[in-house]
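Protein sequences appear in the order of chains A and B. Under the numbering used here, read the first sequence as residues 2 to 157, first letter to last. Under the numbering used here, read the second sequence as residues 2 to 157, first letter to last. Notes to accompany the following structure.
There are 2 protein chains.
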Amino acid sequence: MKDHSVREELVQHASRLIRRRGYNGFSYRDLGDLVGVKTSSIHYHFPAKGDLVFEVMRQYSEMSSLQLNAINADLPLVEQANQHMHSLRYDITLNEICLAGMLPADVLDLPDAVRLQLRAYFEMHEQWLDALLQRAVPERGQAYPVPTLAFAKETE
Amino acid sequence: MKDHSVREELVQHASRLIRRRGYNGFSYRDLGDLVGVKTSSIHYHFPAKGDLVFEVMRQYSEMSSLQLNAINADLPLVEQANQHMHSLRYDITLNEICLAGMLPADVLDLPDAVRLQLRAYFEMHEQWLDALLQRAVPERGQAYPVPTLAFAKETE
DNA sequence: GTCTATACATGGATAGAC
DNA sequence: GTCTATCCATGTATAGAC
């Protein structure tokens, strides 16, 4: 069953505030007003703002990980890709930017721990996709196309 | 020749600060320290922070428009696409997010005028790409592929 | 666990001297 | 056009009563 504790409500509303306004775009007052508590109560649960965003990102990563692992690896690869897409599109249906898309904008103000969470999140998806595409190679009889427009290699 | 007036330095450094920290992530103090003037001097040139970001975005849009129009429409379409990509990749070589990629994160705090600038910027690129792809149709003998994975149409 | 009260820093902005 | 000085709102955070 759902957890309706104040702590959990704080996390949920904070997640929404971050997606809408960015990490620097909301205050403890904003969050307290939404949940119906004072800022000092938020500090009781999350001493610093960094602790709050850490928990928000932790839950987001956990959910995303569960969704990835829930995809049956025996299904056709295209079907697996579609299921993956289906979970990614969730935020889009809400007309919102996902957490992992919003947080990087304020990355210089995030605690190191949260930056590591973000890195892990992206690597998780990258590795999942890479594994899927590797498996697709024998099916197509050739390597999958990598973006190789002129600019891709011109790094200095 | 380059304009080295204080006003222009403010715009350039503000552009950089926005790309790195976001609109909400830097202060007039930060900017003043970089340029070597006091915050009150910034207010002389740009009474409100919204005026500053407007000028930053105005110059960015203008530059982007010039780059688009500089592409010779008689070149092969792939070559045109590559030239377009080449100008877009500029920020990436600096390991930075481009202005139009960063500002939307703080869109709820931007003046309406800047939101309109952003909308116009994206529409400009969309229309340029659309025109290019339309011209590509006869070359390939069929309509160009639109992203139509399962999720694309499932809007409610 | 939540509150009131408050501390303390920062941020945007203005007034007026030079 | 730039400065000093200052205002006032906001933001994070803490102390201590209940």
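Virtual Cβ for every residue (Gly too), placed ideally from N, Cα, C.
Excluding sequence positions up to five before and after B/Glu-63, its CB lies less than 7 Å from no other CB in the same chain. Inclusion of A/Met-58 and B/Ala-106 in the CB contact set at 8 Å is not warranted, their separation being larger than that value. From the listed residues B/Asp-110, B/Asn-83 and B/Asp-34, the smallest Cα separation to A/Gly-23 is found for B/Asp-110. The Cβ neighbour count for A/Phe-123, taken over all protein chains shown within 10 Å, is under 16; the residue is labelled exposed. For the pair A/Arg-116 and A/Val-108, the Cα-to-Cα distance works out to about 7 Å. Separation of B/Glu-80 and A/Gln-84 (C-alpha to C-alpha, rounded to the nearest whole angstrom) is 36 Å.
Counting along the chain, A/Lys-50 sits inside the alpha helix (DSSP H) bounded by residues 50–70. Within the segment 90–120 of chain A, contact with chain B at the beta-carbon level (separation under 7 Å) is assigned to Arg-90, Met-103, Ala-106, Asp-107, Leu-109 and Asp-110. Chain A places no beta carbon closer than 8 Å to that of B/Arg-8, leaving this residue out of the contacts.
With a 10 Å radius around the Cβ and a threshold of 16 neighbouring Cβ atoms, B/Asn-25 comes out buried. When rounded, the separation of the alpha-carbon atoms in B/His-46 and A/Asp-131 is 50 Å. A/Ser-88: member of the alpha helix (DSSP H) spanning 78–89, first to last residue. The residue among A/Ile-43, A/Ala-101 and A/Arg-8 with its C-alpha nearest the C-alpha of A/Ile-19 is A/Ala-101. In this structure, DSSP gives B/Gly-23 a state outside helix and strand, which the three-state scheme calls coil.
The C-beta distance from B/Arg-136 to B/Leu-78 rounds to 6 Å, short enough to fall under 8 Å.
Residue environment for A/Ala-71: exposed (fewer than 16 other C-beta atoms within 10 angstroms of its C-beta). Counting only Cβ-Cβ distances below 8 Å, A/Gly-23 has contacts in chain B at Gly-23, Asn-25, Ala-106 and Asp-107, in chain order. A/Leu-95 counts as exposed, since fewer than 16 other C-beta atoms from the protein chains shown sit within 10 angstroms of its C-beta.
In its own chain, leaving out the 5 sequence neighbours on each side, no residue places its CB closer than 7 Å to the CB of A/Asp-52. With a threshold of 16 other beta carbon atoms within 10 Å, B/Ala-49 falls short and is exposed. Within a 10 Å sphere around the beta-carbon of B/Val-138 sit fewer than 16 other beta-carbons, which makes this residue exposed.
In this structure, A/Arg-8 is the residue among A/Ile-98, A/His-87, A/Gln-128 and A/Arg-8 with its C-alpha nearest to the C-alpha of A/Ser-42. Membership of A/Gly-33 in the alpha helix (DSSP H) is indicated by the continuous run 29–36.
Here DSSP, grouped into helix, strand and coil, assigns A/Phe-123 to helix.
For the pair B/Ala-82 and A/Ala-82, the Cα-to-Cα distance works out to about 28 Å. At a Cβ-Cβ threshold of 8 Å, A/Arg-21 and A/Glu-97 count as neighbours. It is roughly 43 Å from the alpha-carbon of B/Arg-90 to the alpha-carbon of A/Thr-40.
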